[in-house]
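Reviewing the structure listed below.
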Amino acid sequence: AGEIKVAVQRGATFIEAMQRDDGSWYGCWGNCFTYGCWFGVEGLLCAGRPASCEPIQRCTRFLLSKQNADGGWGEDFASCFNREYASRDKLYGCDSGSTVVCTAWALLALM
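As structure tokens, this is what we get:
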């Protein structure tokens, strides 16, 4: 049990170290930053960090800054290649570029 506790804390320290200056995490999969933020926050919470800790608060500010006017989030897949957040301009049926998946990932991180 002790070695698991140590491994969890080491993992949380790694997640914190990988956070970008803007508060996001590069996800390496999916629409990367929204996805990375969800898992970064979830990992820190599971490791026992409070929602009020600085890394989670920085990520919250990042996500809120990317929310579209319609209430959704929409990250373009170009983020994965460019390693910088890229918003979707437009999506079939949605002029804002918001998607259900990106919005759900953002909400899961913010919860």
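Okay, so the sequence shown: first residue is 453 according to this note's numbering, each after it adds one. Using N, Cα and C, we set each Cβ at its ideal position, and we do this for glycine too.
{"Asked": "With respect to the alpha helix (DSSP H) encompassing N483, which residues constitute its N-terminal and C-terminal limits?", "Found": "Note, N483: premise wrong, no alpha helix (DSSP H); not H, not E."}
{"Asked": "Taking a contact to mean a Cβ-Cβ separation below 8 Å, would you say F485 touches Y544 in this structure?", "Found": "no"}
{"Asked": "Quick check: A464 and A503, are their CB atoms within less than 8 Å of each other?", "Found": "no"}
{"Asked": "Less than 8 Å between the C-beta atoms of S476 and F514, yes or no?", "Found": "yes"}
{"Asked": "Pull the bridge partners of L543 from the DSSP assignment, please.", "Found": "C546"}
{"Asked": "Would the beta-carbon of W490 be found less than 7 Å away from any heavy atom of the ligand FAD?", "Found": "What this structure holds is no ligand at all, so the ligand FAD is not there to describe."}
{"Asked": "What whole-angstrom Cβ distance do A540 and G526 have, given they're in contact under 8 Å?", "Found": "Before going further, note that residue 540 is Arg rather than Ala in the sequence given. Between G526 and R540 the Cβ distance is about 4 Å, and since that is below 8 Å, they are a contact."}
{"Asked": "Quickly, what does DSSP pair T512 with across the bridge? List them, please.", "Found": "For T512, which the question treats as bridged, DSSP gives no partner whatsoever."}
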